[in-house]
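Visitor: So the sequence lines, in the order shown, correspond to chains A and B. If you count by this note's numbering, then the first sequence holds residues 4 to 508, one letter each, in order. If you count by this note's numbering, then the second sequence holds residues 124 to 288, one letter each, in order.
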Amino acid sequence: MKSILIANRGEIAVRVARTCREMGVKTIAVYSDVDKNSLHVREADHMVALGGETPAESYLDQEKIIRAAKASGAEAIHPGYGFLSENAGFADKVEKSGLIWVGPPASAINAMGSKTEARALMIGANVPVVPGTKGAVKDANEAIEFARSAGFPVLLKAAAGGGGKGMRVVRNEGDLANALAAAQREAKSAFGDDAVYVEKYLEEPKHIEVQIFADKHGNAVYFGERECSMQRRHQKIIEEAPSSAVSPELRAKIGATAVMAAKACGYVNAGTCEFLLDKNGDFYFLEMNTRLQVEHPVTEMVTGLDLVRLQIEVARGKKLPMTQEQIQLRGHAVEVRIYAEEVMGGFLPSTGKLSLWRPSSGPGLREDTGMYEGAEISRFYDPMISKLVAYGETREAATDRMVRALREYRIAGVMTNIGFCRFVLDREEFRSGNFDTGTVERILLPAYREYIEQGEVVPTWLPGVIAAANKVFRTEINLAKSAKGSQQSAWKTAGRRAAMSNHRG
Amino acid sequence: MFDNATITIGKAKYEVRQNDNELFVNGQRFDMPEFALTDRLVRVRINDSIEEFVVNRNGDDLWLSFHGRAFPLVIETEREKLLRVASQDTEGGMSGAIVKAQMPGLVVRIAVKVGDTVKRSDPVLILEAMKMENEVRAPADGVVKEVRVKERDSVDKGTVMLVLE
Numbered sequence: 004m005k006s007i008l009i010a011n012r013g014e015i016a017v018r019v020a021r022t023c024r025e026m027g028v029k030t031i032a033v034y035s036d037v038d039k040n041s042l043h044v045r046e047a048d049h050m051v052a053l054g055g056e057t058p059a060e061s062y063l064d065q066e067k068i069i070r071a072a073k074a075s076g077a078e079a080i081h082p083g084y085g086f087l088s089e090n091a092g093f094a095d096k097v098e099k100s101g102l103i104w105v106g107p108p109a110s111a112i113n114a115m116g117s118k119t120e121a122r123a124l125m126i127g128a129n130v131p132v133v134p135g136t137k138g139a140v141k142d143a144n145e146a147i148e149f150a151r152s153a154g155f156p157v158l159l160k161a162a163a164g165g166g167g168k169g170m171r172v173v174r175n176e177g178d179l180a181n182a183l184a185a186a187q188r189e190a191k192s193a194f195g196d197d198a199v200y201v202e203k204y205l206e207e208p209k210h211i212e213v214q215i216f217a218d219k220h221g222n223a224v225y226f227g228e229r230e231c232s233m234q235r236r237h238q239k240i241i242e243e244a245p246s247s248a249v250s251p252e253l254r255a256k257i258g259a260t261a262v263m264a265a266k267a268c269g270y271v272n273a274g275t276c277e278f279l280l281d282k283n284g285d286f287y288f289l290e291m292n293t294r295l296q297v298e299h300p301v302t303e304m305v306t307g308l309d310l311v312r313l314q315i316e317v318a319r320g321k322k323l324p325m326t327q328e329q330i331q332l333r334g335h336a337v338e339v340r341i342y343a344e345e346v347m348g349g350f351l352p353s354t355g356k357l358s359l360w361r362p363s364s365g366p367g368l369r370e371d372t373g374m375y376e377g378a379e380i381s382r383f384y385d386p387m388i389s390k391l392v393a394y395g396e397t398r399e400a401a402t403d404r405m406v407r408a409l410r411e412y413r414i415a416g417v418m419t420n421i422g423f424c425r426f427v428l429d430r431e432e433f434r435s436g437n438f439d440t441g442t443v444e445r446i447l448l449p450a451y452r453e454y455i456e457q458g459e460v461v462p463t464w465l466p467g468v469i470a471a472a473n474k475v476f477r478t479e480i481n482l483a484k485s486a487k488g489s490q491q492s493a494w495k496t497a498g499r500r501a502a503m504s505n506h507r508g
Numbered sequence: 124m125f126d127n128a129t130i131t132i133g134k135a136k137y138e139v140r141q142n143d144n145e146l147f148v149n150g151q152r153f154d155m156p157e158f159a160l161t162d163r164l165v166r167v168r169i170n171d172s173i174e175e176f177v178v179n180r181n182g183d184d185l186w187l188s189f190h191g192r193a194f195p196l197v198i199e200t201e202r203e204k205l206l207r208v209a210s211q212d213t214e215g216g217m218s219g220a221i222v223k224a225q226m227p228g229l230v231v232r233i234a235v236k237v238g239d240t241v242k243r244s245d246p247v248l249i250l251e252a253m254k255m256e257n258e259v260r261a262p263a264d265g266v267v268k269e270v271r272v273k274e275r276d277s278v279d280k281g282t283v284m285l286v287l288e
């Protein structure tokens with residue numbers, strides 16, 4: 004395999020291209036009209052335009068992508084995550100058109116892609132699952148019937164879903180019908196499939212996931228777990244490896260269960276089994292993600308492996324180069340997903356130009372990004388700016404390092420969640436490891452709101468310098484009032500002048 | 124001669140007074156530090172160290188980023204404060220038929236004449252104060268009954284300039 008078309012964009016396309024470069028594999032980038040100047044295009048050896056602005060017109064257009072692969076002479080397709088990565092039909096088309104699919108076989112994607120089928124399969128393989136309906140519910144009555152027997156709260160989930168879309172917690176019967184309709188609409192628009200099923204909702208569980216890897220020769224291993232409980236609305240914010248809630252014994256047990264799950268569906272390549280871990284140390288299979296995961300870097304940090312390299316080797320038909328016994332975890336890694344969003348505005352995406360962007364660097368840090376200074380964060384795609392990972396010998400060292408990194412980070416032009424993440428990392432809930440999937444919404448967001456209102460935590464000189472800068476750069480009207488475009492340029496022009504003359508205010 | 128401003132970070136209010144050489148924050152004195160600005164990042168030399176902060180705009184809101192933390196920020200200069208108080212007064216409704224000068228100033232231009240129909244918040248005249256032109260707006264819908272000032276008049280705070288009915 005000498006060339007790979009990367010059927011994705013943003014940081015994951017860049018990340019895959021980097022490993023390909025290291026392996027001497029040629030890369031072909033595809034891109035939408037919006038992405039013509041993107042980093043992922045620049046990092047690739049060749050580029051093929053897909054046209055269009057929306058994902059449907061570009062990164063989700065299967066025919067266009069296969070044509071691009073054929074035209075560019077690619078031998079394989081790496082799907083990254085999201086978009087077509089978990090589309091069994093696409094994986095099948097890729098293989099049938101004579102290309103190598105860097106991912107699991109279509110049959111395994113199919114088996115795990117429908118959450119209801121996956122549950123049935125797991126029950127058959129003696130993998131513990133959360134109680135729920137056998138399949139997608141036909142109507143609200145069926146959902147109500149299950150909810151009555153299992154007890155509220157219940158969780159509505161899109162059968163084809165992921166990333167929190169099509170998901171709803173329902174706490175009483177009166178809300179169920181409306182929530183179901185909303186979940187179905189969301190599922191339909193996000194995944195093209197409105198199948199929604201109902202599960203018992205576990206209160207205050209941890210979200211623990213196991214990275215597994217299987218080759219085409221029947222070998223399968225696990226690379227330890229990731230702690231992904233710091234999430235809001237089912238969207239992960241901070242991930243870690245390993246989890247402070249998982250003992251070596253539990254790791255072995257949950258890891259072996261994940262490998263069992265993988266073998267039950269004839270899995271090959273990289274996959275992730277998600278589990279809910281309750282306070283008694285019992286765990287339940289949630290779903291399997293049949294692709295590389297956004298947060299895979301934390302596993303790479305503590306195992307020293309390059310999972311994309313392994314993916315490519317496995318796709319080439321090579322055997323896994325290690326046994327379970329040879330896999331040792333070392334140290335601790337924390338990942339923060341830096342998003343362009345308004346934390347206090349309900350985590351709404353914040354679009355705009357990254358007019359100033361100075362990421363942190365130095366010992367023990369890794370940053371995976373598809374951004375660059377001047378990049379436009381558009382409404383068309385996920386507003387993730389970067390995945391920042393800090394490594395340390397201990398959890399505390401990794402966390403302290405991440406706090407240092409966030410302190411260094413400078414961004415202007417869009418709102419970000421950096422302040423919120425730094426706040427979370429300093430909190431007792433995070434430091435103690437004593438948090439669950441609801442901690443952000445239950446405790447940390449209200450606490451954060453209170454925290455940012457206490458402006459007196461800044462040094463006394465700071466408001467003074469703000470007033471002085473406001474005066475010198477003659478932007479008092481621009482800063483405080485009127486429309487958006489004009490005042491930014493005024494501030495900028497004044498800034499250039501001042502910077503050049505090192506103006507004394 | 125000092126410039127005054129109110130800086131609000133979160134809910135904490137700071138009264139800032141400044142001249143070319145000095146800064147007072149809630150009465151605490153600092154030498155005016157050196158600072159420079161690039162894009163929205165301010166770099167300042169203070170207390171024998173160099174610090175940086177970013178002021179980001181989000182719609183009508185400002186956010187301060189400092190040391191990896193983010194706070195809502197409001198900057199109000201003395202002039203902006205006067206304008207705000209003025210508009211609160213004129214928008215009061217009860218005394219809505221009278222347009223008073225909310226600060227001492229110079230009438231630069233009168234945009235209406237007796238008999239004109241105006242809508243609430245239509246600009247009716249321009250008052251120069253603190254070296255800035257400020258639009259004075261109609262406090263309510265109505266017809267201009269009296270114009271008591273003429274262009275180039277200096278007015279004191281509280282002078283009745285227009286009467287509407």
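Note that beta-carbon positions come from the ideal geometry of N, C-alpha and C, so glycine has one too.
(1) Going along the chain, which residues of the segment 192-213 of chain A sit with their C-beta nearer than 9 Å to a C-beta in chain B?
(2) Which residues of the segment 191-202 of chain B have a Cβ closer than 9 Å to any Cβ of chain C? Give them in chain order.
(3) Starting from the Cα of A259 of chain A, find the closest Cα among A:M26, A:V301, A:T302 and A:I215 and give me that residue.
(4) Cα-Cα, which of A:M263, A:A217 and A:A336 is closest to K322 of chain A?
(5) Between which residues of its own chain and L146 of chain B is the CB-CB distance below 6 Å, once the five residues before and five after are set aside?
(6) What number of angstroms, rounded off, separates the C-alpha of R235 of chain A from the C-alpha of Y394 of chain A?
(7) If contact means a Cβ-Cβ distance below 7 Å, which residues of the segment 150-168 of chain B contact chain A?
(8) Which value, in whole angstroms, describes the spacing of the CA atoms of E479 of chain A and N179 of chain B?
(9) In this structure, how does DSSP classify F383 of chain A when only helix, strand and coil are distinguished?
(10) Using a Cβ cut-off of 9 Å, pull out every chain A residue sitting near V259 of chain B, in sequence order please.
(11) So if DSSP puts Y137 of chain B in a beta bridge, which residue, or which two residues, is it bridged to?
(12) Pull up the distance between the alpha-carbon of A223 of chain A and that of G377 of chain A, whole angstroms please.
(13) Look at the alpha carbon of V157 of chain A and the alpha carbon of F194 of chain A, and state the distance between them as a whole number of angstroms.
(14) At 3 residues or longer, what runs of the beta strand (DSSP E) sit wholly inside the segment 364-410 of chain A?
(15) P466 of chain A touches chain B at which residues, Cβ-Cβ below 7 Å?
(16) Tell me, please, whether the CB atom of A471 of chain A is closer than 8 Å to any CB atom in chain B?
(17) Quick one: what's got a C-beta closer than 8 Å to K168 of chain A's C-beta in the same chain, skipping five residues either side?
(18) Just the Cα atoms here: how many angstroms apart are A57 of chain A and F383 of chain A?
(19) Kindly indicate if chain A contains any beta-carbon less than 8 Å away from that of S244 of chain B.
(20) My output table needs one value for F438 of chain A: the three-state DSSP class, helix, strand or coil.
(21) Could you confirm whether any beta carbon from chain B is found closer than 8 Å to the beta carbon of A483 of chain A?
(22) Show which residues of chain B have a CB atom less than 8 Å away from the CB atom of A184 of chain A.
(23) Between the Cα of A77 of chain A and those of A:Y62, A:G138, A:I7 and A:K141, spot the shortest distance and give me the residue it belongs to.
(24) Straight-line CA distance for K484 of chain A to N473 of chain A?
(25) Are three or more beta carbon pairs between the segment 108-124 of chain A and the segment 258-275 of chain A nearer than 8 Å?
(26) Helix, strand or coil for K474 of chain A, going by three-state DSSP, please let me know.
(27) Can you check DSSP and say which residues form a bridge with T22 of chain A?
(28) Are the segment 53-68 of chain A and the segment 406-415 of chain A touching, with three or more C-beta to C-beta distances below 8 Å?
(29) When you check each C-beta in the segment 421-446 of chain A against every C-beta of chain B, which residues fall closer than 9 Å?
(30) Beta-carbon within less than 8 Å of E256 of chain B's beta-carbon, same chain only, minus the 5 sequence neighbours each way: which residues are those?
(31) Step through the CB atoms of chain A and report whether any lies within less than 8 Å of the CB of N142 of chain B.
(32) Give a yes or no on whether the minimum CB-CB distance between E479 of chain A and chain B is below 8 Å.
(33) Hey, quick one: how far does the beta strand (DSSP E) through K223 of chain B stretch, first residue to last?
(34) Is S188 of chain B close to chain A? Criterion is C-beta to C-beta, closer than 8 Å.
(35) My output table needs one value for R236 of chain A: the three-state DSSP class, helix, strand or coil.
(36) Locate the alpha helix (DSSP H) running through M125 of chain A, then write down its first and last residues.
Guide: So, from the data block:
(1) Answer set for the segment 192-213 of chain A: empty.
(2) In summary, chain C is missing from the structure at hand, where the protein chains are A and B.
(3) The shortest C-alpha separation from A259 of chain A is found at A:I215.
(4) Taking the Cα of K322 of chain A as reference, the smallest distance to any Cα among A:M263, A:A217 and A:A336 is reached at A:A217.
(5) Excluding residues within five positions, the ones whose Cβ falls inside 6 Å are F153 and M155.
(6) In a straight line, the C-alpha of R235 of chain A is about 24 Å away from that of Y394 of chain A.
(7) Cβ contacts with chain A come from Q151, F153, M155, P156, E157, F158, A159, L160, T161, D162, R163, L164, V165 and V167.
(8) A caution first: E479 of chain A carries a pLDDT of 41, below 50, which makes its placement in the model unreliable, though a value can still be read off. Those two C-alpha atoms are separated by around 14 Å.
(9) F383 of chain A falls in the coil class under three-state DSSP.
(10) Simply none; closest approach about 16 Å.
(11) According to DSSP, Y137 of chain B bridges with B:I130.
(12) The straight-line gap from Cα to Cα measures roughly 43 Å.
(13) Answer to the nearest angstrom: the Cα atoms are 22 Å apart.
(14) Taking only runs of at least 3 residues, the beta strand (DSSP E) segments lying wholly in the segment 364-410 of chain A are 368-372 and 387-395.
(15) Those are I130, I132, Y137, V139 and V148, listed as they occur along chain B.
(16) It does; some Cβ of chain B falls within 8 Å.
(17) Cβ contact annotation for K168 of chain A (same chain, cutoff 8 Å, sequence separation greater than five): A161, E189, A190, A193 and F194, in chain order.
(18) Inspection of the sequence shows that residue 57 of chain A is occupied by Thr rather than by Ala. C-alpha separation (whole angstroms): 6 Å.
(19) Closer than 8 Å: no.
(20) Coil, per DSSP.
(21) Bear in mind that a pLDDT of 41 at A483 of chain A, under 50, signals an unreliable position, so the model cannot answer this.
(22) Correct list: empty, because the minimum Cβ distance to chain B is about 32 Å.
(23) Minimum Cα-Cα distance from A77 of chain A among the listed residues A:Y62, A:G138, A:I7 and A:K141 corresponds to A:I7.
(24) Residue placement at K484 of chain A is poorly supported in this model, since its pLDDT is 38, which falls under 50; the coordinates are not used for a value here.
(25) Contact between the segment 108-124 of chain A and the segment 258-275 of chain A is present, because at least three Cβ pairs lie under 8 Å.
(26) Three-state DSSP puts K474 of chain A in a helix.
(27) Paired residues: none, contrary to the question.
(28) Result no; under three Cβ-Cβ pairs closer than 8 Å.
(29) Cβ contacts with chain B: I421, G422, F423, C424, R425 and F426.
(30) Excluding sequence neighbours, E256 of chain B sits near V231, I249 and L250.
(31) It does not; no Cβ of chain A falls within 8 Å.
(32) A caution first: E479 of chain A carries a pLDDT of 41, below 50, which makes its placement in the model too unreliable to give a value.
(33) Bounds of the beta strand (DSSP E) holding K223 of chain B are I221 to K223.
(34) Contact of S188 of chain B with chain A is assigned, a C-beta pair being separated by under 8 Å.
(35) Of the three classes helix, strand and coil, the one that applies to R236 of chain A here is coil, per DSSP.
(36) Per DSSP, M125 of chain A belongs to the alpha helix (DSSP H) from K118 to G127.
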